[in-house]
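Please read the structure below before turning to the comments.
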Amino acid sequence: MSNLFTARGNLAAAPELKTVTVNGEDRQVAEMRLYCDRAVPDGDGGFKDKGGFWLNVSRWGIAGTHAARVLDKGDRIKVEGTLVQNSWEKDGDKFSRLELTADDVTLDLSRVESIARKPRNRPTNGTDDSAGHTVTTPEDGAQHAAPVG
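Counted the way UniProt numbering counts, the sequence shown spans residues 1 to 149.
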């Protein structure tokens with residue numbers, strides 16, 4: 001059984017999007033470094049960092065592509081996933097570290113001032129939208145829904 005690890009922290013830099021070959025197939029992965037702090041109340045209404053740790057995080061696939069496009073240095077995020085022990089050798093010395101393969105990366109909205117959304121895919125002329133309306137597009141390009149029947 002695998003473990004599930006959850007951490008919150010700030011990104012050291014914008015995620016780096018890489019293309020790697022896995023079993024002969026090119027795959028996208030966003031790699032990021034997260035400082036996981038341990039904030040405790042200081043008694044004066046604020047918080048004090050009582051020490052934390054750095055964690056390398058990877059997010060694969062389309063979600064990783066989105067993370068690399070949207071996230072930036074300093075963003076506060078929450079990550080959930082599986083801890084993996086990676087080992088390697090360099091110049092005869094052996095190294096290892098824990099890394100997180102993220103199943104979920106969530107932006108902490110407490111530091112977000114605005115959100116820009118991309119337009120949704122809209123139905124074309126004469127098709128029904130999800131509310132059962134026929135969609136028409138006038139010459140100005142705006143889409144309007146009219147009740148069916």
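Even for Gly, the Cβ is constructed at its ideal location relative to N, Cα and C.
Quantities reported herein were computed from a predicted structural model and do not represent experimental measurements.
Where in the segment 29-108 do unbroken runs of the beta strand (DSSP E), each at least 3 residues long, occur, reported from the N-terminal end onward? 39-41, 47-49, 53-60, 76-90 and 93-107
When we look at the beta-carbon of residue 55 and count the other beta-carbons within 10 Å, is it buried (16 or more) or exposed? Against the sequence shown, residue 55 aligns to sequence position 55. Classification for residue 55: buried.
Can at least three beta-carbon pairs, one atom from the segment 77-85 and one from the segment 4-14, be found at a separation below 8 Å? Contact between the segment 77-85 and the segment 4-14 is present, because at least three Cβ pairs lie under 8 Å.
Take residue 52 and list the residues in its own chain whose beta-carbon comes closer than 8 Å to its own, dropping the five residues that flank it on each side. One-based indexing of the sequence shown puts residue 52 at position 52. These residues qualify, in order along the chain: 9, 35, 36, 37 and 38.
Separation of residue 61 from residue 25, as counted between CA atoms: Sequence index remark: in the sequence shown, residue 25 carries index 25 (1-based). Sequence index remark: in the sequence shown, residue 61 carries index 61 (1-based). Cα to Cα, the separation comes out at about 12 Å.
Quick check on the burial criterion: 16 or more other C-beta atoms within 10 angstroms. Buried or exposed for residue 77? The residue labelled residue 77 in the question sits at position 77 within the sequence shown. Classification of residue 77: buried, given that the 10 Å Cβ count is 16 or more.
Under DSSP, the beta strand (DSSP E) around residue 8 begins and ends at which residues? For the purposes of this step, residue 8 is identified with residue 8 of the sequence shown, where counting begins at 1. Element bounds for residue 8: 5-11.
Below 8 Å on the Cβ atoms is my contact criterion, and I expect residue 102 with residue 59 to pass it. Report the Cβ-Cβ distance as a whole number of Å. Mapped onto the sequence shown, residue 102 falls at position 102. Mapped onto the sequence shown, residue 59 falls at position 59. About 4 Å; that satisfies the 8 Å criterion.
Opening and closing residue of the beta strand (DSSP E) in which residue 112 lies: Position 112 of the sequence shown holds residue 112. No beta strand (DSSP E) contains residue 112, which DSSP labels as neither H nor E.
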